[in-house]
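Each remark here refers to the structure printed beneath this line.
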Amino acid sequence: MNSAQTGGSMLIAVTGTPGMGRSAFLDAVAVHAEQHDFVVRRARGSRLEQGLPLGRPGPARPETAGRPVVLLVDDLQRAGEPALTRLTALLADPGPGPLLMAVAVCEGEFATETPGVQEILSAADQVIRMGPLGTEGIRALLGEHGIVLTDDQAHAWSHATGGNPTLIISLLQRLERLERAGRGASARLLDTARAQPAPWSLRSRVAAALTGHPESVGRLAACAALLGGEAETHILARLADLDPAEGDAAARALIGLGWAADRWTPPVLWDCVREAAEEGISLAERDRLHRRAAELLHDSGAPAERLVPHFMEVGPGDWPEAARVMRETAHEVWRGGDDALAIRCLRRALREFPSDSAQRGDLLAALADVEQNADTSAMLRHVGQALPLLEAVPERAAVVARVPLTLFLSAPHAASEMLEQAGAGRTEPMVPTADPVTRAAPKAPEPSAMTVMSATSATSAMSERPETSEAAELGLRLEARVRLSRLGDPAARAAAVQRLRTLAPGPVPGPGTAARRELMTVLVFAGVLGGRLPATEVADRTRWLLEHEPASAASEYGASALTIACAAVAEASEPARCWLDTALETARQRDDRRLRTAVLSRRALTAVHAGRPADARADAREACATVPGPARDPAGDSLGDHDWLTVLSLTSVAVETGDTWLAERLRDRLAQGQGAGQPVCGLALRVLQIPLTAERELPALAADLQDAARRAEAAGWGNRTLFPVDVWCAPLLLRLGDPEGALRLLARACDRARHFGAPAALGRILRMWGTVVRGRYALSLLAESVAVLRESSNHLELGRSLTAYGNRMRDAGRPGSDEILAEADRIAEATGGAVLRRWIAPQPPSPHGAPPCGGVPVAGGVLSETEWRVASLVALGHTNQDTAEALGVTRRAVEKSLTRLYHRLDVDGRAGLVPAVRRMAGKAVFGSGVLAERL
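Taking the working numbering, the leading residue of the sequence shown gets 13, the next gets one more, and so forth.
In structure tokens, the structure reads:
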């Protein structure tokens, strides 16, 4: 403008691909010119008004009485020849007074290459090319609309729009329609906007950009949009029925518009092109294009996720390779971790086959494999549907052998039906051989316990074959499932122990296959449930199983669940904890919410049996607080019969630690689940109901709970160390004034614990029994409890028994009580250190209104929470300065708190405070267990 005012005329050309802001640039020039006393005149080229000068009749240069003039011409490439001629003449003879002419030309449009437009562009004194916005520009533009982006979100918007301002504004318009503008940063805001239809203003601009180009350009653009991702130009050309030369020319034309068909950038632009293309073709042509796209992508070796959207649109149709390709595609997507997409793909494929076809059976089996962790009920249903469609018995057996192991324990009716159809339910069970068997297994009555006994010899013979035999492996897997489904039969449990002695005579059987380890796990678990294996042997065998079972292959319903349960009750906590730590890392890397919940709950079970209640409570809360994301089915938060080990673990922690929030959350999740037919889940629901039951209804609940425990025992759940329901019922009977009933339960639990031989479980029951009775008998029970627990690694239970024994000795005036209580104090001090470390550790936010996971370790108001935090940090070795920084206070404030603590606890300085605080925390934990208030 300064140059134009000093004399002569000046021509500026503003260029750029569609949507880059040329018109906005001219608008800014107009505002600036008016502020500097220019006369502003504007015109726009239009195909509808071609033939008129500058789009409308009038003089080339307005009468301005000598004032400088700015002439702004938008979309010059759309002006007709008369208008272009007039502009050329005006440039040659601008007339009196300064003239600044700015013309905007869209790159890539067909008319841009006409001679008239090129002549004006070549005469320009300066060319300004509008480019895309960077991430900062995008953040500034969205910030004007109240949307704040993080760095990652800004890069996502940049990738989706290519920095094109028009595309960004179109997304904002969609959000405004949803009344979501101005809500601040959101990780899903971009996806939400892209899911809405493109505004008509954008669609009309896209259509205008393609106008005038050869038909091949529009066809290539439509096919690239429908293809939905990167593709080589020759594939796009074949889809659009173009020869290679036509395809290359059309691709160059699209590149001129800034549309990279082969790279499918920017994606938001191609979303709009796809919408327009789908509306402009018939349904038959749309189906043909999607089917043809699937074929071309498959032939070119494209990844599976590229094929799935096309299958979702039309299904396999008449393509002979469809069934195989869809199954391979689903498998690849599943291996990549996208269970939902694999399920959708297989379900869509199923609709294309008759209900009685073998292909349908094959797809149903594949669908069941994918649903193992996503929907176990649907998986069992689809396995049941697939088996009758598979002709060969080995095929059916292989399908059943892939069903996760623990489901045969939680769904016995469905399990027996599957096993029967697989040929494993007859009196002489079919063990697959290397020879193909093509006849379906005949129906057979429900096998008895003797059936299992007779099956043992047949399957044992199979195990003598070389372990590389595929048939032998399948036989072992089927045997594991048969035995697990029949654990309710005492004879079956006895036969399982005999089979274990045959399969692995020693505690360290040496390397074996996965199928062999799976069978060993079932046999050990059967021995634990029936109480037929001693705890020491269970501990040795579970250590071996965990050493040879890769934690990276952990699954929610695999054999490892049974191994961990056995290891927990047999006090093999250290190898179980190490294995679970690795499995938890695997679950987090996979972002598998359900597996993470299962692993955390099992780690909590291990911790509570090992005497680490603080660790158990933290893991259980994290497991129970996990909720589904907004895109997940809320029902996925429920717990059902298949999750019996998770229920057992979380219930154990809730009862043993007295965590009311955990109990309520677990009870809610159980109530959302399907039924409570599994004995563990039914018992857990009743136990968790105790705190909510009115006093007058407690007798009925106690009777119902004991009746459920008897039914669980009849179903094979006889190990009261694994599920100590007798111990949990005893306080309820004492509360109801029935000490004889409570003592009967404790005596029975003690007999079983002696038989099993786990020191911690036996010592705990002896301590509870000793605190309920009186006199010398109580001292005898407590002395035995202390002696037994000295053989255990569970120092928490030893500290509780020492405390109870020392107090009873002192009350009875017996010598030696001081030494016993001093030892209890030393254990309390060590235990308190671990509790304090867990308590002061940074805690994640607690969802669903849960109080902080740590909680104040000692109730009763002895110290305030602030005093506890100061005392805990000091007790763990922190300096005053470190403590002040951790609490966000001054060092002087910490020193004042310490002075008050010394007086309140009657200790001599820091040296006396440290053991005192640790002992207080440890004794608080001593008193938090079942019947621990009687110490």
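Glycine included, C-beta positions come from ideal geometry on N, C-alpha and C.
Determine the direct distance from the alpha carbon of S567 to that of A507, and round the result to whole angstroms.
28 Å
With a threshold of 7 Å on Cβ separation, who are the neighbours of A492 within its own chain once the five nearest residues in sequence on each side are excluded?
L417, E530, L531 and V534
Do you know how far the Cα of A582 is from the Cα of R764?
14 Å
By how many angstroms is the C-alpha of A236 removed from the C-alpha of H8?
Only positions 13 to 947 of the chain appear in this structure, which leaves residue 8 out of reach.
Within 9 Å, strictly: CB atoms of A836 and L814
Yes, these two residues count as a Cβ contact at 9 Å.
DSSP beta-bridge partners of G28
C118
Which residues mark the beginning and the end of the alpha helix (DSSP H) in which Q165 is found?
DSSP places Q165 inside the alpha helix (DSSP H), whose first and last residues are D163 to T173.
Quick one, are the C-beta atoms of A296 and F323 less than 9 Å apart?
Cβ atoms of A296 and F323: not closer than 9 Å.
Cβ-based neighbour list, T126, same chain, cut-off 7 Å, excluding 5 preceding and 5 following:
none
Could you tell me which of R34, R812, E945 and L187 sits nearest to G143, measuring between CA atoms?
Comparing alpha-carbon positions, the option among R34, R812, E945 and L187 lying closest to G143 turns out to be R34.
Give the single residue among A696, F735, G728 and L574 whose Cα lies nearest to the Cα of V674.
Per the sequence shown, the amino acid found at residue 674 is Leu instead of Val. Comparing Cα-Cα distances from L674 to each of A696, F735, G728 and L574, the minimum goes to A696.
Own chain residues within Cβ distance below 8 Å of R602, not counting five before or after
Spatial neighbours of R602 in its own chain (CB-CB distance under 8 Å, excluding positions within 5 residues in sequence) are listed in chain order as G349.
Output needed for A9: all residues of its chain with C-beta closer than 6 Å, excluding positions within five of it in sequence on either side, in chain order.
In this structure the chain extends from 13 to 947, so residue 9 is not present and cannot be described.
For A824, which three-state DSSP category applies?
coil
Determine the DSSP secondary structure at I832, reduced to helix, strand or coil.
helix
Runs of alpha helix (DSSP H) lying entirely within the region 606–643, each at least 4 residues, in chain order:
625–637
Would you grab the beta carbon distance between V665 and A637 for me? Rounded to a whole angstrom, and I think it's under 8 Å.
With a Cβ gap of about 13 Å, V665 and A637 do not count as contacting.
Take the Cβ of V411 as the centre, count every other Cβ of all protein chains shown within 10 Å, and call the residue buried at 16 or more, exposed below.
buried
What's the gap between the Cα of S294 and the Cα of A252?
15 Å
Is it buried or exposed, N14, if we count other Cβ atoms within 10 angstroms and call 16 or more buried?
Under this definition N14 is an exposed residue.
Please list the terminal residues of the continuous alpha helix (DSSP H) segment that includes Q267.
Note on identity: in this sequence residue 267 is Ile, with Gln being the wrong assignment. Per DSSP, I267 belongs to the alpha helix (DSSP H) from P256 to G268.
Looking at W729: is its Cβ nearer than 9 Å to the Cβ of L612?
no
Using DSSP's beta-bridge definition, name the partner residues of V83.
The sequence given here has Leu at residue 83, not Val. L83 pairs with R53 and M113.
Tell me the DSSP bridge mates of M22?
L112
Output yes or no for whether 9 Å exceeds the beta carbon distance between V929 and L910.
no
How far does the beta strand (DSSP E) with R141 in it extend, from its first residue to its last?
Q138 to R141
In this structure, how does DSSP classify L223 when only helix, strand and coil are distinguished?
Reading off the sequence shown, one finds Thr at residue 223, where the question assumed Leu. Coil at T223, not helix or strand.
When the Cβ atoms of the region 781–800 are set against those of the region 904–920, are three or more pairs found closer than 8 Å?
no
Cβ pair G240, R286 closer than 9 Å
yes
Close beta carbons around E344, own chain, < 7 Å, minus the five adjacent residues each side
A316, listed in sequence order.
Since L512 and A413 are thought to touch, with beta carbons under 8 Å apart, how far apart are those beta carbons, to the nearest angstrom?
Actually they do not touch by this definition, with Cβ atoms about 20 Å apart.
Between which two residues does the alpha helix (DSSP H) carrying Q510 extend?
P502 to L515
Considering only the beta carbon of each residue, do L214 and L187 sit closer than 9 Å?
Contact: no.
Quick test of your reading: L943 and P771, contact by CB under 8 Å. State the CB separation rounded to the nearest angstrom.
L943 to P771, Cβ: 19 Å. No contact.
Check the C-beta distance from R555 over to P587 and give it rounded, since I have them as a contact under 8 Å.
5 Å
Determine the DSSP secondary structure at A91, reduced to helix, strand or coil.
coil
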